[in-house]
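Colleague:
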Amino acid sequence: MKKILVLCMLSICVHASAQIHGTAMGGISTVTSEGAIDTTRNPALLATLSAVTTSFYLMGNAYYNEDSNPEFHTPAITIYSINQKNDYYYSLSLFAGYAKPSGQGTLGYSLSSNEYLYLKRKDTQKLKGSLPPDFEQTETTITDEINPTLSIAYGWKLSDNNFTGIQLAITPFLSNKKTENENSASPNDYSYTKQEYGVIIEPSLGFLLTSNDSQVGLRLTPSTIKCVKKKAEADFSTTDLSYSDSWDIQQYEGPQIVAGGYAKILPRTGIAVEFGLFLPTSYTNTELNVTDNPTPAIKHSSLTIHNDPIINIKGGIQYSLTEKLNCMAGAAFFHFINSAGSSKSYGRGKFNLLLLTFGSNYFLSPTVILSTMVLVTNSNFESYYHAEDSMSIDAKVKSQSWNITVGAGLSYRL
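When the letters of the sequence shown are read in order and numbered with our numbering, they come out as residues 15 to 428.
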């Protein structure tokens, strides 16, 4: 399945530029100010702004191609084949920010989305096997998610070349997954809906050291807290079932350390690098499973999830072709492993992501800047799952996806 993403960007600035820099250099966030967008990046960058800035970014659908290879084994069933595909994928993301000098520093507000503000996707899995007799099962899931992030940040100067800042990001979220299950071996089809909602809270502290031709930035996040509630409703031909879990508070992500640097190595050339480390964390989570085997039921169990350290490395280059045109390119790599287990199940997953970024800023006039950006993402995911319940199950999934994001926009400076 393929999707084309169009990213529309509009930035309006007063006495300051909000053109793209680090974002197009591998997604670097600790150095190179981007105006009001710094509200969601290193908050210390806000302190380098000397006037009011406001920005607005809107993102739509992109090219998307996903290839999944699931495997499923159980002694109770002979599996002939499993096919899994994504039928469609639509997403919408935005950034709307405002920053102004206040007191001894600069205060910024923003409404944004870490990955997407709204997501809608449809996935279908078809399984052919034998009990006996032979059967075919089709499971279709439609997912709707909304994840707006509200951020407030304040940056101020410590000395001539030293800046610091604080930031608080709050993300209310809602996920709704509706699944329809059809099985040729069963006279009765059924459907169910899983819902998850709550809020994610992430505080951060930032530092920035500057000189004439270089910058060093640091962003620290002590912890990311998630407050979540889960519900499930199932519609069987013989009965309707529902389950509502209690509110749960989790340490969703451990402490984060992100450090970056920028240097102008030639009159027209600058480079930037950034390293990020998420420390390990563990938390409990409720797993909900709906089944009609041997009887209709919503099963729930407590999982212990452990996240290994997450490592990311970013780097990029900026080159001024002319006084009016500068170009940027960069790359980023992410590596992530986690595991989950309960008294009846165990799972482990590995995720690798490679991101390539390309961007440009063109001065249409002394006050109007046209920015363009292309992001190419390749992600690989592998998982293993074993469960002992009404039957023994072993499952493996290998998937790879490609995503191309194209963006263009304007920034205006008085």
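We put the beta carbon where it would ideally sit given N, CA and C, even for glycine. Keep in mind the model is a prediction, meaning the values are calculated, not measured.
1. Quick check: what's the CA-CA separation for residue 317 versus residue 208?
2. Once the 5 residues before and after residue 411 are set aside, which same chain residues still bring their CB inside 6 Å of it?
3. Starting from residue 136 and walking both ways along the beta strand (DSSP E), at which residues does that stretch end?
4. Which runs of the beta strand (DSSP E), 3 residues or longer, sit entirely within the region 222 to 255?
5. So is residue 119 buried or exposed if we call it buried at 16+ other beta carbons inside 10 Å?
6. Smallest Cα separation from residue 401: which of 376, 78, 192 and 301?
7. Can we say the region 228 to 245 touches the region 338 to 349, given the rule of at least three CB pairs closer than 8 Å?
8. Of all the options 219, 419 and 375, which has the alpha carbon lying nearest to the alpha carbon of residue 335?
9. Measuring CB atoms only, is the region 34 to 48 touching the region 97 to 108, in the sense that at least three cross pairs come out at less than 8 Å?
10. Compute the Euclidean distance between the alpha carbons of residue 27 and residue 263, then round it to the nearest angstrom.
11. Check for me: the beta strand (DSSP E) holding residue 106 runs from which residue to which?
12. Bridge partners of residue 209, per DSSP?
13. Looking at residue 163: is its Cβ nearer than 8 Å to the Cβ of residue 185?
14. Opposite residue 406 in the DSSP bridges: which residues?
15. What do you get for residue 248, buried or exposed, if any count of 16 or more other CB atoms within 10 angstroms of its CB means buried?
16. Which residues share a DSSP beta bridge with residue 411?
17. In the DSSP assignment, what residue or residues form a beta bridge with residue 390?
18. On the three-pair Cβ rule with 8 Å, is the region 348 to 357 touching the region 51 to 62?
19. Please say whether residue 127 and residue 53 have beta carbons closer to each other than 8 Å?
20. Report all residues from its chain with a CB closer than 6 Å to the CB of residue 217; omit the five preceding and five following residues, and keep chain order.
21. I'd like the list of long-range same chain contacts for residue 409, defined as Cβ closer than 6 Å, with 5 residues on each side in sequence excluded.
22. Does the distance from the C-beta atom of residue 178 to that of residue 169 stay below 8 Å?
23. DSSP state of residue 34, grouped into three classes?
24. In chain order, what residues of the same chain lie with their CB nearer than 7 Å to the CB of residue 145, ignoring the 5 residues before and after it?
25. Which residue comes first and which comes last in the beta strand (DSSP E) that contains residue 66?
26. Excluding five sequence neighbours on each side, which residues of the same chain lie with their C-beta closer than 6 Å to the C-beta of residue 174?
27. Curious, which full-length beta strand (DSSP E) runs of at least 3 residues does the region 274 to 326 contain?
28. When burial is assigned at 16 or more other CB atoms within 10 Å of the CB, is residue 131 buried or exposed?
29. I need the DSSP call for residue 51, collapsed to helix, strand or coil.
30. Quick check on the burial criterion: 16 or more other C-beta atoms within 10 angstroms. Buried or exposed for residue 57?
31. With a CB to CB cut of under 6 Å and the five nearest residues on each side skipped, what residues in its chain are close to residue 102?
32. Check the C-beta distance from residue 230 over to residue 219 and give it rounded, since I have them as a contact under 8 Å.
33. Name the two residues that bound the continuous beta strand (DSSP E) containing residue 171.
34. What did DSSP end up calling residue 199 once you bin it into helix, strand or coil?
35. In three-state DSSP terms, what is residue 121?
36. Around the C-beta of residue 310, are 16 or more other C-beta atoms found within 10 angstroms, so that it is buried, or is it exposed?
Modeller: On the basis of the data shown:
1. Roughly 17 Å between the two C-alpha positions.
2. 84 and 397
3. 132 to 144
4. List check, beta strand (DSSP E) in window: 228 to 235 and 238 to 249.
5. buried
6. Each of 376, 78, 192 and 301 was checked against the Cα of residue 401, and the nearest Cα belongs to 301.
7. no
8. 375 is the residue among 219, 419 and 375 whose C-alpha sits nearest the C-alpha of residue 335.
9. no
10. The predicted model places residue 27 with a pLDDT of 42, which falls under 50 and marks its position as unreliable; any figure quoted below should be read in that light. Approximately 39 Å between the Cα atoms of the pair.
11. 92 to 116
12. Note: residue 209 sits in a beta bridge opposite 190 and 245.
13. yes
14. Under DSSP, the beta-bridge partners assigned to residue 406 are 402.
15. buried
16. 84 and 397
17. 370 and 418
18. They do not touch, by the three-pair rule.
19. no
20. Excluding sequence neighbours, residue 217 sits near 182.
21. Taken in chain order, the residues that qualify are 86 and 399.
22. yes
23. coil
24. 91 and 199
25. Looking at the DSSP string, residue 66 is not in any beta strand (DSSP E), and its letter there is neither H nor E.
26. none
27. Listed in chain order, they are 283 to 292, 295 to 305 and 311 to 321.
28. That one is buried.
29. helix
30. By the neighbour-count criterion, in which 16 or more other beta carbons inside 10 Å mark a residue as buried, residue 57 falls on the buried side.
31. 136
32. Contact doesn't hold; Cβ gap of about 15 Å is too wide.
33. 163 to 171
34. Three-state result, residue 199: coil.
35. strand
36. buried
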